[in-house]
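Numbering (my numbering), first residue to last: 8 to 271. Here a beta-carbon is modelled for each residue, glycine too, at the ideal position from N, C-alpha and C. Working notes for the structure below.
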């Protein structure tokens with residue numbers, strides 16, 4: 008397998024953040040990118056602009072909400088799935104999967120679930136159940152698999168600046184955390200937590216109350232690796248500088264590197 012830098016980035020409106028996205032792509036040169044919250048219909052996706060900086064793309068858009076895409080540097084992703092199984096009546100654009108550079112990549116935008124309790128939280132948990140069931144087969148694959156995206160889950164209190172301020176939020180509810188842990192129990196590796204077991208890392212800073220300026224962040228963007236992929240995990244991090252750009256998303260790109268050789 009070639010040396011790969013794989014990233015996930017909740018763009019929070021791809022047309023509004025396109026200059027930030029292009030600058031990040033040209034500066035960091037990730038090989039594979041999963042984008043969430045495109046907030047654009049398919050015809051408005053900036054495929055030509057991305058191609059101009061060397062990225063092929065597939066996307067599943069939706070007006071005003073949701074939307075996911077997979078980008079590949081100097082390549083075209085080969086789509087393998089659009090939407091999770093079991094959601095025939097689910098019109099939300101939240102899951103896209105492709106083979107890219109020898110890796111199977113699932114790009115996901117898990118429902119936020121607020122306010123809870125209520126129908127939105129019920130939908131979050133139901134969607135999570137569909138993901139858990141489908142992920143079981145991917146985890147056992149003989150090929151490297153990465154499930155990357157905005158999971159809208161703070162896995163532990165170490166992944167948030169102050170859990171007391173978010174106790175009623177869907178991102179911290181025991182049911183949300185239990186679902187995330189069930190994924191890990193299947194054999195998936197939470198790549199950033201594996202690399203940094205004792206560090207507070209954040210991927211999201213709310214626009215309000217100067218959360219960015221105070222580094223009052225949450226870690227809700229995750230890259231989960233099946234055992235085949237995790238054997239190649241070499242480094243990872245958060246490109247927090249992107250959050251400091253003009254008119255930023257409230258998320259920063261989160262990335263890992265899979266080395267060309269397995270770890271010893």
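Note on the segment 46 to 106: whole alpha helix (DSSP H) runs with a minimum of 4 residues are 54 to 59, in chain order. For residue 133, the enclosing alpha helix (DSSP H) covers residues 126 to 146. The alpha-carbon separation between residue 221 and residue 17 amounts to approximately 21 Å.
Per DSSP, the continuous alpha helix (DSSP H) segment holding residue 198 begins and ends at 198 to 202. Per DSSP, residue 248 lies in no beta strand (DSSP E) and is assigned neither H nor E. For residue 116, the beta-bridge partners assigned by DSSP are 157.
According to the DSSP assignment, residue 179 belongs to no beta strand (DSSP E), since it is labelled neither H nor E. Non-local beta-carbon contacts of residue 184 in its own chain, meaning distances under 8 Å to residues more than five positions away in sequence, involve 160, 161, 162, 163 in chain order. Distances from the alpha-carbon of residue 119 to those of 25, 79, 43 put 43 closest. Under a 10 Å Cβ-count criterion, residue 135 is classified as buried, with 16 or more other Cβ atoms of the shown protein chains found around its own Cβ.
In the structure shown, the three-state DSSP call for residue 216 is coil. Non-local C-beta neighbours of residue 128 in its own chain, meaning closer than 7 Å and more than five positions away in sequence, comprise 120, 177, ordered along the chain. Contact annotation, residue 75 with residue 114: C-beta distance approximately 5 Å; criterion of less than 8 Å satisfied.
Inclusion of residue 32 and residue 265 in the CB contact set at 8 Å is not warranted, their separation being larger than that value. Straight through space, the alpha carbons of residue 235 and residue 148 are spaced by roughly 8 Å.
By the C-beta criterion, the segment 182 to 198 is judged not to be in contact with the segment 206 to 221, since fewer than 3 inter-stretch pairs fall below 8 Å. Contact fails between the segment 91 to 105 and the segment 20 to 37, because fewer than three Cβ pairs, one in each stretch, are under 8 Å apart.
With a cutoff of 8 Å on beta-carbon distance, residue 156 and residue 117 are scored as near each other. Counting the other Cβ atoms within 10 Å of the Cβ of residue 166 gives 16 or more, which makes it buried. Between residue 15 and residue 196, the C-beta spacing is not below 8 Å.
Under the 10 Å beta carbon count, residue 243 is surrounded by 16 or more other beta carbons and is classified as buried. Between residue 231 and residue 154, the alpha-carbon positions lie close to 5 Å from each other. A straight line joining the alpha-carbon of residue 35 with that of residue 125 spans about 40 Å. Under the DSSP definition of a beta bridge, residue 24 lacks any partner. Per DSSP, reduced to three states, the secondary structure at residue 12 is strand.
Cα atoms of residue 90 and residue 104: separation of roughly 8 Å, rounded to the nearest angstrom.
The C-alpha of residue 98 is placed about 11 Å away from the C-alpha of residue 67. The bridge partners DSSP lists for residue 228 are 157.
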